[in-house]
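Residue numbers (the working numbering): 139 to 335. All C-beta atoms in this analysis are idealised placements derived from N, C-alpha and C, irrespective of residue type, glycine included. Input: a single structure, listed below in structure tokens.
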């Protein structure tokens, strides 16, 4: 039995170390996700430390990250936090202190207007003329303004709902397209107030 344990121990350790090779989430990110309540604190521009996070570039998740409990917890908490707001229709991970490319968006263009989560999201194409429309932001309290946005876009994201995550392209139009543009801006450190007319 001792010989078997001596042989298996290195194999088990090797397996344990190699399963996490492609994880990129930091201990700080995991701690913030694990220790926060279901409704996470939304960072605001009137706090200097919050503003530094809001102005940062976000990083992609690896596919291994997307398969973790921590990612699933973050996705769930983004939805719960957005639901807890008064009229919010989108929330980006940097707004809760996680500098990763993931957003929760209320799909006003779908039946039932579900809130869905989009990891590693980017906008691949903007089409048509820009139109001005009113915007506000959960991270910019007590302000609103007019912003020019495309009304027809193509988004690219990782579909995490499948057994094997894969990249998806989707055309989005109307107000839903505006929401996606606002939230994806957050991932690049851009706030809607930078684009006010």
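Check                                                                                         : Outcome
C-alpha gap between residue 322 and residue 165, whole angstroms                              : 24 Å
Helix, strand or coil at residue 246 [DSSP, three-state]                                      : coil
Three-state secondary structure assigned by DSSP to residue 195                               : coil
Closest by C-alpha distance to residue 208, when choosing among 161, 180, 179, 197            : 161
Beta-carbon separation (whole angstroms), residue 284 vs residue 272, contact threshold 8 Å   : 6 Å
Which listed residue (244, 213, 225, 221) has its alpha carbon closest to that of residue 232 : 213
Length of the line joining the Cα atoms of residue 163 and residue 199                        : 7 Å
Proximity below 8 Å, CB of residue 255 to CB of residue 317                                   : no
For residue 308 and residue 177, the rounded distance between their alpha carbons             : 29 Å
Spatial distance of residue 261 from residue 294 (CA atoms)                                   : 6 Å
Test item: CB-CB of residue 167 and residue 259 under 8 Å                                     : no
Cβ-Cβ distance between residue 335 and residue 312 below 8 Å                                  : no
Within-8 Å CB hit, residue 229 to chain D                                                     : Among the chains in the structure shown there is no chain D, since it carries only a single protein chain.
Segment limits, beta strand (DSSP E) that includes residue 200                                : Neither: residue 200 is in no beta strand (DSSP E) and is coded neither H nor E.
Option in 171, 170, 300, 182 with minimal Cα separation from residue 281                      : 182
Buried versus exposed, by CB contacts within 10 Å (16 or more), residue 215                   : buried
Span of the alpha helix (DSSP H) around residue 321                                           : 313-325
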